[in-house]
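In my numbering, the protein residues as written are 168 to 301. Read the structure below first, then the notes.
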């Protein structure tokens with residue numbers, strides 16, 4: 168494992184905005200942040216704002232940071248309050264995607280490793296990995 172895993176969990180007082188539903192995940196939905204912020208900066212921004220947009224994990228070239236427990240939903244898929252992506256998928260954001268380069272390549276590799284560990288933990292195959300457009 169080439170990343171550090173940590174949790175910076177969302178204050179449950181914000182669940183009503185960002186994570187109002189319980190969830191039993193059945194897939195993983197992968198996104199790119201389309202900016203050049205680190206996972207730490209993404210996590211801090213996510214947890215302090217009052218926007219409904221949310222996700223479970225931010226990954227950069229050094230860290231994997233979990234923000235929302237996997238038994239809670241997140242609003243990351245753009246398919247509405249009751250959409251499959253928002254209600255059943257673990258939302259993962261890969262950082263440093265705007266400019267690309269070495270940091271982004273390393274962030275992608277960390278995402279591959281972390282997603283593989285989730286697939287193994289849940290007993291899922293790669294068909295459970297979706298992209299935002301799906």
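Note that beta-carbon positions come from the ideal geometry of N, C-alpha and C, so glycine has one too.
Using a threshold of 8 angstroms, state whether the C-beta atoms of residue 257 and residue 234 are closer than that.
no
Below 8 angstroms on the Cβ atoms is my guess for residue 249 versus residue 186; work out the distance and round it to an integer in Å.
That belief does not hold up - the Cβ atoms of residue 249 and residue 186 are roughly 14 angstroms apart, past 8 angstroms.
For residue 182 versus residue 254, is the C-beta distance shorter than 8 angstroms?
no
Are residue 175 and residue 228 close, meaning C-beta to C-beta below 8 angstroms?
no
Taking Cβ positions, are residue 219 and residue 260 nearer each other than 8 angstroms?
no
Proximity winner among 200, 270, 179, relative to residue 243 (alpha-carbon distances)
200
For residue 194, which residues in the same chain have their Cβ closer than 6 angstroms to its Cβ, ignoring the five residues on either side in sequence?
256, 295, 297
Just curious, the alpha helix (DSSP H) that residue 243 is in, first and last residue?
No alpha helix (DSSP H) contains residue 243, which DSSP labels as neither H nor E.
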